[in-house]
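Reviewing the structure listed below.
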Amino acid sequence: MISILRGISLTGKKGVSATLLWVTTAIFIGSAPVPVSAAPSQAVVQADKTLWTDTATETDLEQARQALETAAAQGDVDAQQVLGVHLLNGWVLEKDVPQAIALLDQAAQSGVATAQLELGQAYLWGTEIPADAAKAQDLLNAAAAQNNPDAMRVLGEQLIGGWALPRDVGRGRPLLEAAIAGGDDKAMVALGKLLLYGQGVAQDHAEAMNLFEAAAAKGNGSGLAAYGDMLMWGQRSPKTAEAVLNRAGELGVGEAWVTLAHGAMYGYLGGGRVSRAKFDGYAEKARQAGEEDIVVLEATRNMWGINMRASGPETIARLRTAADAENAAAAKFLIELLRDGNGLNLLRRRADARAALETYADLLTLNERAQFALTIDAATAVGPAAFAAVADAYFARPELKSRWFGTQILKANENVAYFILQKQLKDDGLYGGRVNGYATRLTLRAAYRACLELDRPERCRDNVMRPDVIGDLLAR
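In structure tokens form, the structure reads like this:
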């Protein structure tokens with residue numbers, strides 16, 4: 008079977024962009040292909056356009072949904088794919104994950120590459136359904152075999168990085184390189200970042216920058232943003248870092264303005280007053296770009312008194328106001344500060360952290376809610392028995408694992424983080440001591456041996472108890 012991707016780009020509600028993709032599919036019987044679907048029906052195209060129209064009424068949306076449901080029930084694979092994606096993501100229509108998965112599964116089994124991609128990513132990340140790496144890989148393999156560039160990029164990146172799928176650089180790199188050869192700028196950035204950080208491949212800053220420049224020539228500045236971030240925080244060349252990040256921002260990468268504001272705040276753009284004087288300008292550009300994280304930086308300045316009076320209560324009030332305005336980044340930082348305090352002007356208020364998690368739950372993904380809930384449990388755990396209960400909950404939800412989650416557990420309660428790490432190391436045959444949540448000499452030795460198997464093992468010689476190292480160890 009051969010599938011050829013075609014599509015039309017649509018931009019609609021809340022500024023979300025999407026592409027309605029369909030497939031020209033041919034099933035081979037003997038030597039003659041039998042066409043199944045040359046292009047989506049006019050009804051499917053019109054229904055999807057309606058869903059993305061800002062002026063559509065509730066009646067319009069309901070009629071569009073009914074049109075897609077009717078076509079999907081009649082076996083129209085394009086309708087199955089379009090409706091499935093909408094119901095899975097909840098952009099316009101209310102989420103209905105079971106129906107979305109059923110529709111995408113039908114389209115995927117019919118050979119629709121975009122449905123295979125969507126369903127594969129759903130199983131890969133486990134945000135709406137339980138993660139299943141085997142199913143994810145099978146679906147992404149099927150889509151990549153049809154030269155779907157997004158599937159080639161996602162699968163290639165994961166096989167090299169080894170995060171959600173077992174590492175297989177020999178299979179992963181050719182997939183990324185094939186997508187790059189096809190002109191996929193996102194694949195250029197993906198491989199460039201792997202080379203920049205030395206994840207699964209030898210670190211090569213020069214080749215990474217070549218790929219980032221190629222992506223930038225296509226209008227994608229994400230790679231430049233990553234490169235500038237590395238230069239700035241590594242203090243390699245403040246002027247070059249600032250110039251590269253400005254280029255990224257001008258190409259539409261809003262996070263570059265946040266990075267510049269962050270660096271300005273801490274003196275990484277020329278040092279001292281010169282650097283801090285640049286904060287307001289970059290912060291304003293970040294706000295204009297709609298970057299939520301700038302509120303977190305402004306709250307951090309307020310908390311520590313950077314170019315303003317330090318005030319813990321003002322910091323909390325600032326974050327609550329932003330979270331009430333549906334700023335998810337502010338809500339996350341608020342929960343974290345209430346959980347941990349800051350050792351200066353904010354006390355730990357675990358009950359308030361749990362209340363904030365409940366109040367702003369709708370701003371978080373299902374996984375983020377579970378992660379924060381578990382870190383609050385960790386923050387209140389005292390003694391090995393309590394540590395063990397949190398560890399059991401952690402191991403019961405492997406789809407929650409990430410470096411960020413690991414570092415959050417460490418922030419919430421170092422003893423719980425060490426307890427989980429000891430259990431992992433014991434299961435790996437690297438640790439023979441007591442599982443008690445204490446960073447004993449045996450624990451440190453075992454952690455060092457495990458650290459050597461991570462990307463960038465040079466970190467192990469610096470300090471095996473670095474938050475990023477512990478985060479990576481817990482995320483294995």
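So for the sequence shown, the working numbering puts the first residue at 8; every next one is plus one.
By construction, the Cβ of each residue, glycine as well, lies at the ideal position given by its N, Cα and C atoms.
> Is Glu465 helix, strand or coil by DSSP?
Replying inline: helix
For my contact list, Leu353 and Leu344 are in at a C-beta cut-off of 8 Å; report their separation, rounded to the angstrom. 6 Å
- Unbroken alpha helix (DSSP H) run spanning Tyr425, endpoints: According to the DSSP assignment, Tyr425 belongs to the alpha helix (DSSP H) that extends over Glu421 to Asp434.
message = Going by DSSP, what residue range makes up the alpha helix (DSSP H) through Lys230?
response = In the sequence on display, residue 230 carries Gly and not Lys. Bounds of the alpha helix (DSSP H) holding Gly230 are Ser229 to Trp240.
Practice task
Starting from the Cα of Ala54, find the closest Cα among Ala223, Ala74 and Glu164 and give me that residue.
Solution key: Ala74
*Option in Leu218, Thr372, Gln123 and Thr66 with minimal Cα separation from Gln88*: Gln123
Check: Any chance the region 458 to 476 sits against the region 198 to 208, with 3 or more Cβ pairs inside 8 Å?
Finding: yes
To which residues of the same chain is Leu203 closer than 7 Å at the C-beta, ignoring the five residues directly before and after it?
His212, Ala215, Ala233, Tyr234 and Met237
According to DSSP, simplified to helix, strand and coil, what is Ile342?
In this structure, Ile342 counts as helix in the three-state DSSP scheme.
Q) Taking Ala398 as the reference, which of Phe219, Asn349 and Thr382 has the closest Cα? A) Thr382
Rank Leu304, Ala86, Cys467 and Asn227 by C-alpha distance to the C-alpha of Ala337 and give the top, closest one.
Leu304
Pick from Val423, Thr57, Val99 and Asp435: whose alpha carbon is nearest that of Ala446?
Val423
Report the option in Glu421, Thr450, Gly444 and Asn443 whose CA atom is closest to the CA atom of Asp435. Thr450
- prompt: Sorted by chain position, which residues of the same chain lie with C-beta nearer than 7 Å to Ala50's C-beta, five sequence neighbours on each side aside?
  reply: Ala74 and Ala78
Exercise for the section: Just the C-alpha distance for Ser282 and Ile301, rounded to the nearest angstrom, thanks. Expected result: 17 Å
- Under the rule that 16 or more other beta-carbon atoms within 10 Å means buried, what is Glu257, buried or exposed? exposed
### Query
Using a Cβ-Cβ cut-off of 7 Å (strictly less than) and excluding sequence neighbours within five positions of Gly495, which residues of its own chain qualify?
A query on residue 495 cannot be resolved here, the shown segment of the chain reaching from 8 to 483 and no further.
Between which two residues does the alpha helix (DSSP H) carrying Gln70 extend? Glu65 to Ala80
Straight-line Cα distance separating Asp384 from Gly390: 13 Å
| Whole-angstrom distance between Ala454 and Ala324, CA atom to CA atom | 40 Å
Span of the alpha helix (DSSP H), counted from its first residue to its last, around Met272 = Gly261 to Met272
Beta-carbon within less than 8 Å of Leu437's beta-carbon, same chain only, minus the 5 sequence neighbours each way: which residues are those?
Ala453, Arg456 and Ala457
message = Using CA atoms only, rank isn't needed, just tell me which of Ile136, Pro137, Glu135 and Leu131 is closest to Leu146.
response = Leu131
> Which first and last residues belong to the alpha helix (DSSP H) in which Tyr455 is found?
Replying inline: Arg448 to Cys458
(Q) Can you give me the C-alpha to C-alpha distance between Ala224 and Gln153, rounded to a whole angstrom? (A) Roughly 27 Å between the two C-alpha positions.
Item to check | Nonlocal neighbours in the same chain, by C-beta distance under 8 Å from Val161, ignoring five residues either side | outcome: Leu124, Gly127, Gln128, Leu131 and Leu147
Euclidean distance between Cα positions of Ile427 and Gln144
28 Å
**Item:** Beta-carbon proximity list for Gln113, same chain, < 7 Å, skipping 5 on both sides
**Value:** Beyond the five residues adjoining it in sequence on each side, Gln113 comes within less than 7 Å, by CB distance, of Gln87 in the same chain, given in chain order.
For the alpha helix (DSSP H) that Tyr130 lies in, which residues bound it at each end? Going by DSSP, Tyr130 is part of the alpha helix (DSSP H) stretching over Ala120 to Trp132.
- Query: Excluding five sequence neighbours on each side, which residues of the same chain lie with their C-beta closer than 8 Å to the C-beta of Pro181?
  - Reply: Gly163
- Using the beta-carbon count (16 or more within 10 Å), is Lys102 buried or exposed? exposed
Which complete alpha helix (DSSP H) runs does the region 331 to 409 hold, if anything under 4 residues is left out?
335 to 347, 357 to 366, 373 to 386 and 391 to 402
Terminal residues of the alpha helix (DSSP H) in which Asp55 lies:
Element bounds for Asp55: Gln49 to Leu58.
- Which runs of the alpha helix (DSSP H), 4 residues or longer, sit entirely within the region 296 to 321? 300 to 311
task: Return the residue from the list Tyr401, Ala188, Asn217 and Gln242 that minimises the CA-CA distance to Lys200.
output: Asn217
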